[in-house]
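Chains as they are written, first to last, in the numbering used here: chain H, 1 to 650; chain W, 1 to 773. We put the beta carbon where it would ideally sit given N, CA and C, even for glycine.
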């Protein structure tokens, strides 16, 4: 998709405008916000409005849609008939009186019971929860259906959506305390009723001759997804986006259902070929941590179209973050912040980046926290930022307090669960940590950090084989992250499966070559220095060597020890590399241990010169000096004795 | 927006000073001033005479940055050529982001507990370690605790307040203006933002919308402010000064939750200003809030305050009911102090307002007075409450004086009380000096009495309640009045205006004193119009001081006598003496009534009728050393002797007491005595053998002596501005001249007499026109 012609741009603007209005009409505020942001991020138009006077006759009229989105006649008629009722319902919705809003259009339908005789198998979802029998007074199916048919799709959507939100609110209230006994166990009781109505409606669509507009499909998809009926939900979401492309919420829901990159590629052909699926592709790839050049290129093209879009810019920053290019990501986020200081979306990811980048950035993180607090104290993003700051200051109790606050505001805020889990691990509260991580993966299966965290926690509890399961899930999500593989290898070695462990470590080496930048993760691992391209991680090599030693394969072991030593200098001396990346790893504790081992090994093999050389290097570096000196004495003794023997034998 | 609990921008600056002191140290000349500065602003203020010189700076609640400048400017800093101010400012400006604020507190943690330090090899700085129980350590600990409690958005507010506080210091030193440190936040500077950018606005919204009052002080500061005010209000019994009213109101309006003590301050203010209903209201409010914090242990204090309030406003019945309940509750709760205080107060009230207390049905709880005082003394000794003991000793001394017991015993008690004051540092100066002054004036030593009053006014005005200062002023003016210096008397009451017009009771006291001075002058001037105008205004009501009430009645009687309305005067005297007998009042009052009676008899022309009265008065006065009364009693006695013809005896009596009366300084009394003496001499001049030259000469001598004394009397009466008496003396002189046969001289004296009378009348007329014009 190249750049667009002015006509196409105009049409796009019209469609976006329409989308904003439609979403707002149906109470989908986040989607309309997204569409409005996109609408306002087109490049500056050629004529400058500020040059013309407001009153002058030449000033531009408000942009009217040249190619208005065609309206459905039936729907328009129905909507016109029920204008007053619609207005009433909308005001109730805005006041958050959801039950009342739903009752405007659906007064007679019992909320809790499935309609008798026509409950489709898809509605028998796992989410029945406590398996209640049908309550309330079910009406005759035909009467209710007729009533429903009288409504325009807009009103029906509003009513059902209001019901859904009412149910969600009750779930939140009944869940009471966060991480308490009832948390996580409560189900939205409205789902059944809603799905029944919608099922009816969809089955009657062919006869009634109505043109579905895509909104009801979207709602049905949500209901199905909550009921864990993901395949069908996906189908309905795809139908929805075909019918109304600019409902970003539908795209988002679709994205959350996609578990792997392969699934994404599968779905791609089924999606409509337009701008929205383009953006969707980018977003989904980002969420799956799938960073490759294709995605980057797509993103850059999108940015050309919408240069001022904060959303796309933040997607770019997130991609850089997943690629571990922290400096550039930080820079992009900083620019977004300057452009739009009151935007709180994705601020939590920004704070994660700053956290990972180290203590030097704590003033910036503090500033971010200050800004967020001033903008809105009661958003989950704000609380996560403040929690991150406290975590950086090692005040873990306060960090937990703020993460909890974030979760109370929004129980499905993923990063808060994961970060809270990290904090509990720091505080050695393993039970709470496990619970938090588990909730994180319940919200989003694709979060590799939560899986990894679970693995680490079980390792802390010395349950290594159990931890293995989790680490493997993490590696499945991130096959090219050496840290995951290292964790797997460590678990295997603790359990005693040496060969598997060796394989895992080799995978880790293999994966580690792919990355240019630092290998720090948000898990507080600042001990590994930045590796230059082509440098292998000496830690991994050392572990491999030790494993070979356990297998009594000393030859391989020594080979790997040599490799460890080799990492002290970088193999290619490239002048184009920046200063700090030229020197390889330098002397570290690992390389020292390797050197010492090698020195002993050579001593045992009677290669005294090499041993002496190594021991001297040790002394020079000032590491393990006593052992080295002891070794040197032994070597000297041996060599003298050898010389003595030689002399005697002559 | 409510103020923060403890941490404010000035406190952060103090913490920086502490950190600087501990890590890099100060030159030794700077250590003491800086440390005392820090401590004076972090420690609760206690009233102490030693600190009175620094009162103003000490109670600067909103510690401004200028105070830092004044302190540090003159101290030399670590780098030669710089002052300590430069160093401190450098550190202040190095705090260039909110992150550094967190850093400051973790550095302070290191100061307290070095094991927390994460020191690398190169950072081993020498620093002074603070012990947690030292004053500085306690301050740092409290600050750290409060900081840990703050939620993040309050920390943001604190940071913005600090930035605003620090901003004016940028221009103070040249070193700083050149350095690149001068931005609010180095993150902001790195991002290249300016205050107009939206991002800056978003982050520093608090800074840009300006500082509100509640940001510049904390709840802790407020509490200290109110403690100070309460201390002053309770000790001195005054109202909140004018300059303080407006700031106080601002502070109270800008806080959402005021500390409880604010209500108590308002209570005292309303009480002294005479606003009964809002005083009540505030008192109840205070104790409601106090109940929240502590349980019922303060119930008896609430009752006590209510009782005192009600008594002050004259509702003695309710006051007594309340105080009874106070005593019962205090007994229940084993609160000895409250119990003693209430008993003492009851005692004091029954002495001070006997009529009203009796009317309200107060039956002495402790038996008779003496028993009551003995009980209180024993209790006070037991519980070692020395101010109560000292006050009780004074009360006992007063009791003895009033009942006419020996003066030496009273003096002994007085010295005991002053010994206690000295040894136990009891601040009882006001009542002590007043008592001494009263004692001296009863003994007839006016100068000493005046001096004691003056001492109180000059030296102890900050330390004694307003009540007592007013009384001292009143007494001084009475003393001047007795010397017949009316203008002085009125002038002395002048300074009272400035601080009394805000409290009803004090205002009334001064009003009465002024009224009495003026009416006395009017009586002497025979200015009946003025008298008629003034006396009805001076109606005592049950809430007036009984002493004043008595004096006003006496004055009224005086005016009746002077006008010649003897019957009414007599009736009034009788009535007053009946009342006095009921109350068991001061014997001096009894005696002065007796003397008045005798005087009326004298004026009516039959002095012998008053003989028994005068004799009793004189003997009692002599026994009780009430010298002023003694002189007038003896004078009247001499007059009676004169009328009996016993001139020799009269002369002897009079020559004995006139020198004493001259010492006393009451010119009117002296004049009267002189006139009696001259009468005596005239009487003596009538010799048996009128013919012998020796007797003639004796007669001439005696007559001339009489003339001499008449002259002296006239001078005295002239000084006293008593026109009538003066004219009487002139008439006497005219008669003598005529008796001698010197008609011309007689004419002259008659002329003089008329002239003086006319002048007197003119003076009256002119003062009236002046008054009405």
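Establish whether the CB of residue i and some CB of chain W are separated by less than 8 Å.
i                     : result
residue 552 (chain H) : no
residue 346 (chain H) : no
residue 107 (chain H) : no
Please classify residue i: is it buried, with 16 or more other beta-carbons within 10 angstroms of its beta-carbon, or exposed?
i                     : result
residue 573 (chain W) : buried
residue 239 (chain W) : buried
residue 727 (chain W) : buried
residue 154 (chain H) : buried
residue 447 (chain H) : buried
residue 250 (chain W) : exposed
residue 350 (chain W) : buried
residue 606 (chain H) : exposed
residue 95 (chain H)  : exposed
residue 469 (chain H) : exposed
residue 188 (chain W) : buried
residue 49 (chain H)  : Low local confidence applies: a pLDDT of 46 at residue 49 (chain H) is under 50, so the model's placement there is unreliable, and no value is given.
residue 778 (chain W) : There is simply no residue 778 (chain W) to check, as chain W begins at 1 and stops at 773 in what is shown.
residue 358 (chain H) : exposed
residue 300 (chain W) : buried
Check the Cβ-Cβ distances between residue i and every residue of chain H, and say whether any is below 8 Å.
i                     : result
residue 91 (chain W)  : no
residue 107 (chain W) : no
residue 202 (chain W) : yes
residue 191 (chain W) : yes
residue 348 (chain W) : no
residue 102 (chain W) : yes
If the cut is a Cβ gap below 7 Å, which residues of chain W does residue i touch?
i                     : result
residue 337 (chain H) : 199
residue 334 (chain H) : 191
residue 342 (chain H) : 202
Could you name the residues of chain H that residue i contacts, counting a contact when the two beta carbons are closer than 9 Å?
i                    : result
residue 12 (chain W) : Those within 9 Å of residue 12 (chain W) in chain H number zero; the least Cβ separation is about 16 Å.
residue 98 (chain W) : 363, 366, 367, 369, 370
By the criterion of Cβ-Cβ separation under 7 Å, what are the contact partners of residue i in chain H?
i                     : result
residue 187 (chain W) : 363, 364, 367
Run down chain H in chain order and give the residues with a C-beta less than 8 Å from the C-beta of residue i.
i                     : result
residue 205 (chain W) : 374
Contact list for the segment 369–392 of chain H against chain W, Cβ threshold 7 Å: 369, 370, 371, 373, 374, 375, 377, 386: these are the residues of the segment 369–392 of chain H whose beta carbon lies less than 7 Å from some beta carbon of chain W, given in chain order.
Residues, ordered as in the chain, of the segment 137–158 of chain W that lie near chain H by beta-carbon distance below 7 Å: 152, 153, 156
Start-end ranges of the alpha helix (DSSP H) lying completely within the segment 456–541 of chain W, minimum 4 residues: Segments of the alpha helix (DSSP H) lying fully in the segment 456–541 of chain W: 466–482, 486–492, 496–500, 504–525, 528–537.
4 or more residues per run - each alpha helix (DSSP H) lying fully within the segment 582–643 of chain H: 589–604, 608–621
Residues of the segment 223–244 of chain W with Cβ closer than 9 Å to any Cβ of chain H, in chain order: none
Ranges of the alpha helix (DSSP H) found wholly within the segment 227–311 of chain H, counting only runs of at least 4: 230–243, 248–257, 261–267, 275–287, 293–305
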